[in-house]
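Student: Protein chains in written order, with the numbering used here: chain A, 1 to 342; chain B, 343 to 684; chain C, 685 to 1026; chain D, 1027 to 1368.
Sharing a structure below in structure tokens format, with a few things to ask.
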């Protein structure tokens, strides 16, 4: 079988580094280009010494030239910029896997409200498929543009969707409190992210109006079969490099039991190799998903308050970004879904 | 003025280490004994090299002998054990500041339910004063037995009590989601606490029925003026040595605004030197309270979901344990409340 | 091609965890047994949730039974214990890859001096091959018993051997100062290794007489072509999970230049995919070898003091233990040397 | 007694933060100005929320105005800049405690060689006193300009000077290998210092020609009573916020024993409250000096190689910078040498 030729746009950040880690061991993929405006012309080793052996060199993001030589493009670009590249790539027949937020929201209004900028390609919002394989595998198989979910949304949607769909929990009073490692902020050179400012520091941020909120709400509403719902999403920065733990508190509906929750997960994820549902009453741990493409889910029920308490851990750079993009790519090109991801 | 003579029981753990740090620089205190069963007879330097210069030596916890030579005893002992020491010390006229959970709950039934053991001195539950100066300063001034709050409760009660008292938030649907550094588990030699198991690990534990729950509920109910209330308290372990961040989500009552919240805090804490309320919409950070006796509080209001979102940070070993005990001791003995704590 | 059937003895420690990570993605290996005295009968998921999907179960280390069903055994056992297992396995025709120190030293006297215990199988010291592929690849191809080097020795021998062999550096006044992550101590539950004792702690230990010293000296002497040499090896514990940085100071011999050093490395390692020699004057970094099987080497020359300064980084669990064992196994069984290691 | 009025120049970095921590609890000091070009006009709480209660405000570094209202100035400014401020301050009669490197070297030539810039006030190099109290206490008592040692030099000079002075060790083949926490790089916003680049990273840098080298050599030569000596100084960055561990390897002179080393230390440091010499064969640990002004020294002797091995730990921001400056200030103004430092 011919290898899938893949170009990585924006390869010099942490999502790019993780993409290279995965793709370089992928048996069915050939990397045909890695782009970086800043590092164009330099060997990959100047940024990531660990990939010295790959012989790769950063190139400028000349879309046309690159498109001529690839089947798939993974965009690890900032929000806003991704859409600009997606259009010409799609026109050239390249399948696009976007890690940015540009195509995740179905509602243009929500995009404008949360991102406070014009959308460069609003017509694509409708056709883009949300790249969460455990929810949209069939759609991904034939999609041209796949909008890979954000890290927080992945960790929030996977544990809640089956319970919302089964009517075991209410759509009201949903709380998602998440802690993320510092790579979640990207490879950003800014005072709050230097080591002494992060070490021994745990802090919430964006507790009202974080940009991942509408994306989580959209997918929870889809799962619940309602038009709209509102949640509280509260992100935190924790002193670690990778990993997200989301703790989710929901109101149990009458008749909800641990057994029914387990059954709903069984129905949804029994055949999913990248979702691990723990036995009842246990809690997930970021270290058990570190550098894996897995989402680990724990569940419990507090009879005193009638709340379902979920814990959900992913590696923000793998299942929360690059691993998920490759999982989607595997599905789209008919490869083993786990290729490169074990 | 004569110095207050202080004995520290259980001085070889992290709360003990922190007590020594504070007391050794305290201008009005003399340490007359530090006890440790395991290290009795050894100089303090074998456990804490940093205190070599103090010349202190661990002794066995012979209560009578020690009581004869101290005005105050701070108990940094495990739950259950503290009560055994408190009785003879009180009988000998020593003021007792207990860092354990033995005397925090007013309800014996709750103690039995959560600690699953007989209480060694139930008659003292009624007379013990809850050692949270910002709430019970007047009672502390004359108390014989002061039950210092736990670390999680301190971080939860200080930000919520003024809002509950002012009727700005509901007593229903209260969520407290907290992250603690690893010293919160004590100086415990157990697999989950070795470095490689904690590093890059963020995990919830005890998400239903954690022992600090009834203590938080008791004090929230007192503040709200209700008989009982139920909350969800969800603790997490985070990869840091010290610090607690509690993120608290409450239902806003009609008419609640950021201004009214600020006013309630102003009324409660304007003169409190160990509570720092941030301007509206900002969030607290564990690093800003690291090795201080301060509680830093942030508040926000989500108009979409009508929730008040509070963030509250303390150092679990200082304001969450040893610092608070010394603050109480200062109050009880008429010293400058901040002595040793700046 | 048939898969190589591999048994892992002592699979519940960190080296075992890393072996499973590598072997589960190895295309040419089948894991036929994983042993653990303590966890026998339990699914692997009770110790390592991340391997839940593997379906593996720990068994008791019944050598005969296991030997009947494997071609190779990797021993991740404590020193002393490994030798006991090696004997019956070898007798049964199983190729043995030992990660312990039991067969690394050629000199029985040195073993007794440093390990202070009788050797359980001294006759094997002579036939065991030192499992450092970059030095002994040909011997490994036909060996029955392969003694994989320790983590500190690997990081010390790889950068120094080519320079000693080329006569560019003296055999006198060699200093090896190394810093290791905490997994280097094993999955050991002991006070010095709990998180708060390691965080913000950097400390030397065993600065005279560390057990890895004779092993490093033996291999340096072989490389230099001398009977004996003595070094100072000074290990440190650093607050990280994985990784070793060894900084090595050696006396330059007359005529030694950066160019000649580079040439010596080129001659030795040009075709080695797991050794990365940096351009002159750069320094290696543990993060660039994190979770890889690579050794990254930097070199410099101080003209004022006439010293060669080398820096050398490996991941102690991969190239320093499990990865190296698998690299040897690949060589021994004629597989792609990098299989499972990319 | 009147309080010493102190101005802090460059108060918004990590040394500034540490100075404020110390000075705010100092019983004999009044802070009359804190300067910051970038933050002039802002309350201290915008940069350091923990000092909100101090009521301090950053001002522009207008030397004349500030000099009129202070007895002492502590300069926590970048190299080069410090000298510019020192001149007018000294002219105004203010005692100057400089934490930068501007006045540490006696040799102008060495300054030019290592700092590659003209010296703004070379005439002061001769009169400045090196602010290491354990070596120059008498000179400090009457000095106008005190050049506080760097962090690496402090950790290197204190353990070696007594041994060099006693002739127990050779002046040849001295190796200083040091590991520093990330605050050692200052509050610098640069890619190598963001959290994910430092976490799990241990790396040497500047292994030839680091700027602290001539300073260490100067003081070692003074101690040894020789004109010049050359060492290898090899700094590393370790994943922690604070702390330096220096491991020092020296050649033992004939007759050198552990007892003689202990005696030399006893003679030098028996009355020093900020030097803690461990019993023979033990090693120092950064965590035991964390946030203290202490230098902890361990020593050992390797009879096989005839090397003395020293380990020496300080907190780089306290004894390595701000604490040392305050210790000097206390000496200069006749205060208790430990005031503010316990």
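Backbone N, C-alpha and C define an ideal beta-carbon position, used for all residues, glycine too.
Determine, using beta carbons only, whether residue 858 of chain C comes closer than 9 Å to chain A.
Tutor: Cβ-Cβ to chain A under 9 Å: no for residue 858 of chain C.
Student: Please state whether the Cβ-Cβ distance between residue 247 of chain A and residue 311 of chain A is less than 9 Å.
Tutor: It is a contact, given that the beta carbons lie within the stated cut-off.
Student: Cutting at 8 Å between CB atoms, please list the residues of its own chain near residue 690 of chain C, excluding the five before and the five after it.
Tutor: 707, 713, 714, 715, 716, 754, 755, 756, 757, 758, 1013
Student: Within 10 angstroms of its Cβ, does residue 1217 of chain D collect 16 or more other Cβ (buried), or is it exposed?
Tutor: exposed
Student: Pick out whichever of A/148, A/196, A/218, A/221 has its Cα sitting closest to the Cα of residue 76 of chain A.
Tutor: Scanning A/148, A/196, A/218, A/221 for the CA closest to the CA of residue 76 of chain A turns up A/148.
Student: Could you tell me which residues DSSP pairs with residue 863 of chain C in its beta bridges?
Tutor: C/920, C/929
Student: Given that a residue counts as buried once 16 or more other Cβ atoms are within 10 Å of its Cβ, and exposed if not, what is residue 951 of chain C?
Tutor: exposed
Student: Taking a Cβ distance cut-off of 9 Å, strictly less, list which residues of the region 623-649 of chain B are near chain A, in chain order.
Tutor: 623, 625, 626, 627, 628, 629, 630, 632, 640, 642, 643, 644, 645, 646, 647, 649
Student: Within the 9 Å Cβ cut-off, does residue 390 of chain B reach chain D?
Tutor: yes
Student: From the DSSP output, in three-state form, read off residue 1317 of chain D for me.
Tutor: coil
Student: Helix, strand or coil: which one does DSSP assign to residue 400 of chain B?
Tutor: Of the three classes helix, strand and coil, the one that applies to residue 400 of chain B here is strand, per DSSP.
Student: When you compare each of B/591, B/537, B/355 to residue 502 of chain B by their alpha carbons, which one comes out closest?
Tutor: B/591
Student: Quick one: is residue 289 of chain A buried, meaning 16 or more other Cβ sit within 10 Å of its Cβ, or exposed?
Tutor: So residue 289 of chain A ends up on the buried side.
Student: Do you know offhand how far residue 880 of chain C's Cα is from residue 1268 of chain D's?
Tutor: Residue 880 of chain C and residue 1268 of chain D have their C-alpha atoms some 14 Å from each other.
Student: Output the boundary residues of the alpha helix (DSSP H) element that contains residue 1136 of chain D.
Tutor: 1134-1141
Student: Residue 341 of chain A: which of A/319, A/287, A/52 sits nearest, CA to CA?
Tutor: A/319
Student: Can you give, in chain order, each stretch of the beta strand (DSSP E) that sits fully within the region 3-64 of chain A and has at least 3 residues?
Tutor: Entirely contained in the region 3-64 of chain A, the beta strand (DSSP E) runs reaching 3 residues are, in chain order, 4-9, 29-35.
Student: Quick check on DSSP: helix, strand or coil for residue 205 of chain A?
Tutor: coil
Student: Can you grab the Cα-Cα spacing for the pair residue 986 of chain C / residue 993 of chain C, in whole Å?
Tutor: 7 Å
Student: Verify the CB distance criterion: does residue 276 of chain A have a CB-CB separation below 9 Å to chain C?
Tutor: yes
Student: For residue 512 of chain B, which of helix, strand or coil comes out of DSSP?
Tutor: coil
Student: Give the residues of chain B in contact with residue 1299 of chain D, contact being defined as C-beta atoms less than 7 Å apart.
Tutor: Neighbours of residue 1299 of chain D on chain B, chain order: 395.
Student: Cβ closer than 7 Å: which chain D residues qualify as neighbours of residue 199 of chain A?
Tutor: 1267
Student: Does residue 684 of chain B get closer than 9 Å to chain D when you measure Cβ to Cβ?
Tutor: yes
Student: Just curious, the beta strand (DSSP E) that residue 960 of chain C is in, first and last residue?
Tutor: In the DSSP assignment, residue 960 of chain C falls within the unbroken beta strand (DSSP E) covering 959-961.
Student: When the cut-off is 9 Å and only beta carbons count, does residue 447 of chain B lie next to chain A?
Tutor: no
Student: Taking all protein chains shown into account, decide if residue 599 of chain B is buried (16 or more other Cβ within 10 angstroms of its Cβ) or exposed.
Tutor: exposed
Student: Skipping 5 residues on each side, what residues in its chain have a beta carbon closer than 6 Å to that of residue 529 of chain B?
Tutor: 355, 356
Student: Looking at chain C, which residues of the region 521-539 of chain B have a Cβ within less than 9 Å of any of its Cβ atoms?
Tutor: 523, 524, 525, 527, 529, 530, 531, 532, 533, 535, 536, 537, 538, 539
Student: Given a limit of 9 Å on CB to CB distance, which residues of the region 708-728 of chain C reach chain A?
Tutor: 708, 709, 711
Student: Is the Cβ of residue 1040 of chain D closer than 9 Å to any Cβ of chain A?
Tutor: yes
Student: Tell whether a beta-carbon distance below 9 Å holds between residue 1169 of chain D and residue 1147 of chain D.
Tutor: no
Student: Do the region 1175-1194 of chain D and the region 1242-1254 of chain D touch if we need at least three Cβ pairs shorter than 8 Å?
Tutor: yes
Student: Under three-state DSSP, which class holds residue 1180 of chain D?
Tutor: helix
Student: Output yes if chain B places a C-beta closer than 9 Å to the C-beta of residue 155 of chain A; else output no.
Tutor: With 9 Å as the cut-off, residue 155 of chain A does not count as an interface residue toward chain B.
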